[in-house]
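Our numbering numbers the first residue of the sequence shown as 178 and each following residue consecutively. Below is one structure, written out as structure tokens; comments come after it.
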Amino acid sequence: NAFLAQKGFPAPKATKTGTTIVGIIYADGVILGADTRATENTVVSDKNCEKIHYLAANMYCCGAGTAADTEMTTQTVASQLELQR
């Protein structure tokens, strides 16, 4: 964000799109965590919604509040990565 601001671009605004996803980097790797609920306002619409998506052996995509977009994007990217192997 600082780089974009230096180039004259406005900083992106934080938006609330869904439930929480966390990522932690440590000396030996990365930990990703997410719940499995999909919500619509205050209603839980799906109790088993995958939010951590496999792309390749060392690559994952996380998305909350954007389930359909994330699912389609990760399927497309994963298939393209498979072609590049």
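Using N, Cα and C, we set each Cβ at its ideal position, and we do this for glycine too.
**Prompt:** Within 10 angstroms of its Cβ, does T213 collect 16 or more other Cβ (buried), or is it exposed?
**Reply:** exposed
**Request:** Could you tell me which of F186, G242, M249, N235 sits nearest to D223, measuring between CA atoms?
**Result:** G242
**Request:** Would you tell me roughly how many angstroms separate the C-alpha atoms of G200 and E227, rounded to the nearest one?
**Result:** 16 Å
**Message:** Can you check whether the C-beta of Y231 is within less than 7 Å of a C-beta belonging to chain C?
**Reply:** No chain C is part of this structure, which consists of one protein chain only.
**Item:** Endpoints, alpha helix (DSSP H) assigned at D246
**Value:** 244 to 261
**Message:** Quick check: the Cα distance between L181 and A191, rounded to an integer number of angstroms?
**Reply:** 15 Å
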